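> Following this message is one structure expressed as structure tokens.
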Amino acid sequence: MGLQLGDTAPDFFATTTEGDFHFYPWAGDAWVILFSHPRDFTPVCTTELGYVARLKPEFDRRGVKALGLSVDPVDSHRKWAEDIRETQGHAVNFPIIADADREIARLYGMIHPRHDEVYTVRTVFVIDPRKKVRLTVTYPQTAGRNFDEILRVVDSLQLTDAHSVSTPVNWRTGDDVIIVPAVSDADAQKRFPQGWRAVKPYLRFTPDPRAPADFDLSG
Ligand code: BEZ
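Residue numbers (numbering that gives the first Met the number 0): 0 to 218.
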């Protein structure tokens, strides 16, 4: 059984493009997006890492740190990073783990042997500041991930933690949110002074409770 939602993300030591690394102290109080990619100098991976680098301002705004991993050596990562900057227009601005002995890949279930016995698949783990796994995603090696979607889920998770709301299908930042059923109407009156629209007693929509300054719809 691989890592599941709510599990504690395992701690580890690693070699990375930014030096030797102890995961928990590095993560500190931040959220972490830990993602594996199969190999260096491959086309889909090149586009993904460039896009993650481009998203840095969005990560910073949400208190998120990105952390990549593949089983290629650190010299290869560094050389490949030059190609990523050249072809994607964004220099890699987060550490990439060189997991040559596959210790971390095995710890996190990033190798799916019936898909590929040797190289990691495209996994994503969103880990919160308490080191709990809050989202897991696994893509095949041939399909590039949608990191905007990962960020959208981070927004949803952070909203849930702060305001006891959940987010409906295809929700986007700034859309109305759902008051979780565990919050009674009496409690909701205190928590959501702007009111709500009850489609059913269990389906209550309320405006995004964050101050507009806390989220930016321009991106
Ligand atoms: C790629 O990044 O393009 C890729 C890597 C491994 C297998 C298939 C595609």
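Beta carbons: idealized from backbone N, C-alpha and C, even for Gly.
What you are looking at is a predicted structure, and each value in this text was computed from that prediction instead of being measured.
Step through the CB atoms of chain B and report whether any lies within less than 8 Å of the CB of His114.
Protein chains in the displayed structure number just one, and chain B is not present.
> Can you find the residues in the same chain that come closer than 6 Å, C-beta to C-beta, to Arg196, ignoring five residues on each side of it along the sequence?
Here residue 196 corresponds to residue number 197 of the sequence shown, with the count starting at 1. Cβ within range, chain order: Phe204.
> What did DSSP end up calling Val51 once you bin it into helix, strand or coil?
Counting from one through the sequence shown, the residue named residue 51 turns up at place 52. Three-state DSSP puts Val51 in a helix.
> Consider the C-beta atom of Pro42 and the heavy atoms of the ligand BEZ; say whether any pair is separated by less than 7 Å.
For the purposes of this step, residue 42 is taken as residue 43 along the sequence shown, with counting starting at 1. Yes, since a heavy atom of the ligand BEZ falls inside the 7 Å radius drawn around the Cβ of Pro42.
> Say yes only if the C-beta of Gln87 is nearer than 7 Å to one or more non-hydrogen atoms of the ligand BEZ, and no if none qualify.
In the sequence shown, residue 87 corresponds to position 88, counting from 1. Not so, every heavy atom of the ligand BEZ lies at least 7 Å from the Cβ.
> Helix, strand or coil: how does DSSP classify Trp195 here?
Here residue 195 is taken as the residue at index 196 of the sequence shown, counted from 1. In this structure, Trp195 counts as coil in the three-state DSSP scheme.
> Flag Gln140 as yes when its Cβ comes closer than 7 Å to any non-hydrogen atom of the ligand BEZ, and as no otherwise.
Within the sequence shown, numbered from 1, the residue matching residue 140 stands at position 141. Result yes, Cβ under 7 Å from the ligand BEZ.
> Specify whether the stretch 66–73 and the stretch 96–103 touch according to this definition: at least 3 beta carbon pairs, one from each stretch, less than 8 Å apart.
The answer is yes - the stretch 96–103 touches the stretch 66–73, with three or more Cβ pairs under 8 Å.
> For the alpha helix (DSSP H) that contains Ser35, what are its first and last residues?
Along the sequence shown, one-based indexing puts residue 35 at 36. No alpha helix (DSSP H) holds Ser35; the beta strand (DSSP E) holding it covers Trp30 to Ser35.
> Can you have a look at Phe58 and say buried or exposed, based on whether 16 or more other CB atoms are within 10 angstroms of its CB?
Here residue 58 corresponds to residue number 59 of the sequence shown, with the count starting at 1. Answer is buried; the Cβ neighbour count reaches 16.
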